[in-house]
Amino acid sequence: MASVFTKLINGELPCYKVAEDDNYLAFLDINPLAKGHTLVIPKKEVDYIFDLKDEEYKGLFLFAKKVARGIDLAVECRRVGIAVIGLEVPHAHIHLVPVDGIYDIDFSKPKLNLSDEEFFQISSMISEKVEL
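In this note's numbering, the protein residues as written are 198 to 329.
Now the structure itself:
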């Protein structure tokens, strides 16, 4: 069964796209911990990140690295943190979260409530900085 991420990949649902190539997609999390919180996913449907083939796994992390560099250039933060939890949606994904401190990646924290315009501005700023 297709996950919500597969529907985003297929264009059946909208997203605030940050970067895309033939194999991977990066888009803003709609329940962000911070401005610029981005999800990076393989286009191939795989539930558990460690079930990806080695080349797909490496490709996902190399793609995420490029996206993280774009986030770092576009969003004011000390670092871009990374989290792989994999329980929210049954499709492998990486969270890239701009952080200023160790507790900024706490998924129990209240999420930001951003407008469509803010999401669009943030995704545009990041996508301009991502070099694929």
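Don't be surprised by glycine CBs; every beta carbon is placed ideally from N, CA and C.
What is the residue span of the beta strand (DSSP E) that residue i lies within?
i, result
"G208", "Element bounds for G208: n/a, residue is neither H nor E."
"A280", "R276 to A280"
Are the beta-carbon atoms belonging to residue i and residue j less than 9 angstroms from one another?
i, j, result
"G267", "A231", "no"
"G256", "P229", "no"
"Y213", "F304", "no"
"S200", "E242", "yes"
"A289", "D248", "yes"
"V264", "I323", "yes"
"I319", "G208", "no"
"G283", "V294", "no"
"P291", "V237", "It should be pointed out that residue 291 corresponds to Ile in this sequence rather than to Pro. For I291 and V237, yes; Cβs fall inside 9 angstroms."
"L222", "L205", "yes"
"N220", "F260", "yes"
"L329", "D251", "no"
What are the partner residues of residue i, as DSSP defines its beta bridges?
i, result
"A223", "A216 and V237"
"P307", "DSSP lists no partner for P307."
"L293", "T235 and I279"
Among the residues of its own chain, which have a CB less than 6 angstroms from the CB of residue i, if the five just before and after it don't count?
i, result
"D244", "P287"
"L309", "P229"
"A271", "M322, I323 and K326"
Could you check if residue i belongs to the surroundings of the ligand HEM, using beta carbon to heavy atom distance under 8 angstroms?
i, result
"F260", "As for the ligand HEM, it is missing from this structure, which has no ligand bound."
Ignore the nearest five residues each way along the sequence and tell me which others in residue i's own chain have a CB closer than 7 angstroms to its CB.
i, result
"R275", "V296 and D297"
"I299", "none"
For residue i, report the span of its alpha helix (DSSP H) as first-last.
i, result
"A271", "D251 to A271"
"I323", "D313 to K326"
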